[in-house]
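The block underneath contains the structure these notes are about, expressed in structure tokens.
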Amino acid sequence: MARRPYKKALAKGAHAVLGGQAPEWAVFKMTAPTPDINITTVGPGLNLTNSNGTTKSDICLFESVSEQIANGLNVYYIPILVLLGAIGNLLSVYVFYKTKLRLQSTSQYLSALAISDTLFLLQLIPPWLNAVHFSDLFHRQGFCQIFVYISYVTCTFSAWIVVAFTIERFMAVLHPLQCNVICTVRRSRYVITANALFSLLLNIPVLRFVTPTPTDCNIDFEYLAHAARFNIVDTVASFTVPLAVIFVLNVRIVVGIYRIERERREYTRAEHLAAFTNQIQPQRPLGYPRSQTRVTKMLLIVSSVYVGLNVPAYTMRVIAYAFNLNQRESTGSWAALQQIALIFFNTNFGINFTLYCLSGQNFRRAVKNILPRFRKRTRRAITLRELSPNQAPGGSATSKSKLHA
Numbered sequence: 030m031a032r033r034p035y036k037k038a039l040a041k042g043a044h045a046v047l048g049g050q051a052p053e054w055a056v057f058k059m060t061a062p063t064p065d066i067n068i069t070t071v072g073p074g075l076n077l078t079n080s081n082g083t084t085k086s087d088i089c090l091f092e093s094v095s096e097q098i099a100n101g102l103n104v105y106y107i108p109i110l111v112l113l114g115a116i117g118n119l120l121s122v123y124v125f126y127k128t129k130l131r132l133q134s135t136s137q138y139l140s141a142l143a144i145s146d147t148l149f150l151l152q153l154i155p156p157w158l159n160a161v162h163f164s165d166l167f168h169r170q171g172f173c174q175i176f177v178y179i180s181y182v183t184c185t186f187s188a189w190i191v192v193a194f195t196i197e198r199f200m201a202v203l204h205p206l207q208c209n210v211i212c213t214v215r216r217s218r219y220v221i222t223a224n225a226l227f228s229l230l231l232n233i234p235v236l237r238f239v240t241p242t243p244t245d246c247n248i249d250f251e252y253l254a255h256a257a258r259f260n261i262v263d264t265v266a267s268f269t270v271p272l273a274v275i276f277v278l279n280v281r282i283v284v285g286i287y288r289i290e291r292e293r294r295e296y297t298r299a300e301h302l303a304a305f306t307n308q309i310q311p312q313r314p315l316g317y318p319r320s321q322t323r324v325t326k327m328l329l330i331v332s333s334v335y336v337g338l339n340v341p342a343y344t345m346r347v348i349a350y351a352f353n354l355n356q357r358e359s360t361g362s363w364a365a366l367q368q369i370a371l372i373f374f375n376t377n378f379g380i381n382f383t384l385y386c387l388s389g390q391n392f393r394r395a396v397k398n399i400l401p402r403f404r405k406r407t408r409r410a411i412t413l414r415e416l417s418p419n420q421a422p423g424g425s426a427t428s429k430s431k432l433h434a
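Position 348 of the sequence shown, counting from 1, maps to 377 under the numbering used here, and the rest follow consecutively.
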């Protein structure tokens, strides 16, 4: 049976869902953020008819408008996300490496995550320029393969970096003594290096599966069956396993934090009671400092947001694969939903700096210290606190008496 041309269903974005025509490949992901956008026209396949052949004009209009709005939103959203997200990620790297936070193993993971996320955001630029008909760099030989490969590598790498620092937080909460030995800066660098090699090697087949076309960067038809099998492997390695591990460990971490906080409250009450009745002081429960609790809560938010923003895109991908959605079904409201899922997915790579600032007290303090205006204000506050009540900023009483003498 002759193959029909296939159509991109999820904006051709990184980890996007493509509705394949042949049953053996069904779903694949590419790197461009948006399809060719023509806001003034309605794409093909939007004339829907019922079993009697009657045109459903209302449904057609709704689906076409939904698709065009979602596509247009993606067109304007991508450059803003790339600019702000890249700035935030690079600032995060600077904070983690130039402040005392660099002494923490968690900072190594978050720095690597920020670099990976920045690379992902930057590779969105060429396909976006192609989508708005500004540059054809995306579908040139060599560039096409490299951009797609970077997309796959960074997605895999970011997923397992989130897994790595989630495991570290799990150890810190439930096994604090072992964590002091295992969770070191040096060991975290080994984990990051191993993760990078794994991501680079796993996605090498992508370099052969994709090929440039006159207007785009698509799958080589000769490798559709291989691409379908690789798509399953990639879905499991980059989404299913990492998100399952993150979800299970986050639940265990939340339960562990709740148990530790309850033990602390019980210890505080028992301590007050013992002091009041002159009884023996109760034994302090094992646990870890409250500062570590704040770090854990921040990383819980980061990993939970990662899961939440990835689930919609991968859900659409699984649906497209399970039901083998074809070209006609990849338009209208379905395409609009995929565009929205893609927006959530891409946002994941540019939002972490905001999450750190909102939920990380130590991170906010470090950011203020590297900004000149805030640094001067902080130093002045410290100086004033160090002065005794009888001293003024101009000097001590003793020094003033010496001057008068």
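For each residue, glycine too, the CB sits at the ideal point set by N, CA and C.
All values derive from a computational prediction rather than experimental measurement.
State the start and end residues of the unbroken alpha helix (DSSP H) segment that holds residue 247. Counted from its first residue, the sequence shown places residue 247 at position 218. For residue 247, no alpha helix (DSSP H) run applies; the uninterrupted beta strand (DSSP E) run containing it begins and ends at 246-248, by DSSP.
Counting only the same chain and skipping the five closest in sequence on each side, list residues whose C-beta sits under 7 Å from that of residue 225. Within the sequence shown, numbered from 1, the residue matching residue 225 stands at position 196. Sequence-distant Cβ neighbours of residue 225 in its own chain, meaning closer than 7 Å and more than five residues away, are 186.
With a threshold of 16 other CB atoms inside 10 Å of the CB of residue 290, please say whether the residue is buried or exposed. What you label residue 290 is simply residue 261 of the sequence shown in a count that begins at 1. For residue 290, the number of other beta carbons within 10 angstroms of its own is below 16, and it is reported as exposed.
Tell me whether residue 210 counts as near the ligand FAD, meaning its Cβ is closer than 8 Å to at least one heavy atom of that ligand. With respect to the ligand FAD, the structure offers nothing, as it holds no ligand at all.
Terminal residues of the continuous alpha helix (DSSP H) containing residue 213? Taking the sequence shown and counting its residues from 1, the one referred to as residue 213 is at position 184. Careful: residue 213 lies outside any alpha helix (DSSP H) and carries neither H nor E.
Would you tell me roughly how many angstroms separate the C-alpha atoms of residue 372 and residue 266, rounded to the nearest one? Looking up residue 372 in the sequence shown gives position 343. Looking up residue 266 in the sequence shown gives position 237. Straight-line Cα distance between these residues: approximately 22 Å.
CA-CA distance, residue 327 and residue 393? Residue mapping note: residue 327 aligns to position 298 of the sequence shown, counting from 1. Residue mapping note: residue 393 aligns to position 364 of the sequence shown, counting from 1. Approximately 12 Å, taken between the alpha carbons.
Looking at the structure shown, is residue 271 part of a helix, part of a strand, or coil, going by DSSP? To locate residue 271, count along the sequence shown from 1; it is residue 242. Residue 271 carries a helical assignment under DSSP once its states are collapsed to helix, strand and coil.
Cβ atoms of residue 111 and residue 335: under 9 Å apart, would you say? Numbered from 1 along the sequence shown, position 306 holds the residue referred to as residue 335. Numbered from 1 along the sequence shown, position 82 holds the residue referred to as residue 111. Result no, Cβ atoms of residue 335 and residue 111 do not sit closer than 9 Å.
Starting from the C-beta of residue 193, find all residues in its chain whose C-beta is less than 8 Å away, skip the five residues before and the five after it, and write them out in chain order. Residue mapping note: residue 193 aligns to position 164 of the sequence shown, counting from 1. Closer than 8 Å at the Cβ level, and outside the excluded window around residue 193, lie 138, 217, 220, 221, 224.
Tell whether a beta-carbon distance below 9 Å holds between residue 368 and residue 153. Translated into the one-based positions of the sequence shown, residue 368 becomes position 339. Translated into the one-based positions of the sequence shown, residue 153 becomes position 124. Cβ atoms of residue 368 and residue 153: not closer than 9 Å.
Helix, strand or coil for residue 161, going by three-state DSSP, please let me know. Residue numbering aside, residue 161 sits at position 132 when the sequence shown is read from its first letter. It is coil, neither helix nor strand.
Please state the DSSP three-state secondary structure of residue 243. Residue numbering aside, residue 243 sits at position 214 when the sequence shown is read from its first letter. In the structure shown, residue 243 sits in coil (DSSP, three-state: anything other than H, G, I, E or B).
So what does DSSP say about residue 390, is it helix, strand or coil? Here residue 390 refers to the residue found at position 361 of the sequence shown. Three-state result, residue 390: helix.
Is residue 149 closer than 9 Å to residue 382 when the C-beta atoms are compared? If you number the sequence shown from 1, residue 382 lands on position 353. If you number the sequence shown from 1, residue 149 lands on position 120. Inclusion of residue 382 and residue 149 in the CB contact set at 9 Å is not warranted, their separation being larger than that value.
Alpha-carbon spacing of residue 159 relative to residue 108, whole angstroms: Here residue 159 refers to the residue found at position 130 when the sequence shown is read from its first residue. Here residue 108 refers to the residue found at position 79 when the sequence shown is read from its first residue. Between the alpha carbons of residue 159 and residue 108 lies a distance of about 13 Å.
Taking one C-beta from the stretch 241-259 and one from the stretch 168-176 each time, how about it: are there three or more such pairs within less than 8 Å? As far as the Cβ criterion goes, the stretch 241-259 touches the stretch 168-176, which means the pair count is three or higher.
Excluding the five sequence neighbours on either side, which residues of its own chain have a C-beta within less than 7 Å of the C-beta of residue 282, listed in chain order? For this step, residue 282 is matched to residue 253 along the sequence shown. For residue 282, where only same-chain residues beyond five positions count, the Cβ hits under 7 Å are 198, 199, 202, 325, 329.
Close Cβ partners of residue 341 (< 8 Å) along its chain, the five nearest in sequence each way excluded: Walking along the sequence shown from the start, residue 341 turns up at place 312. 369, 370, 373, 374.
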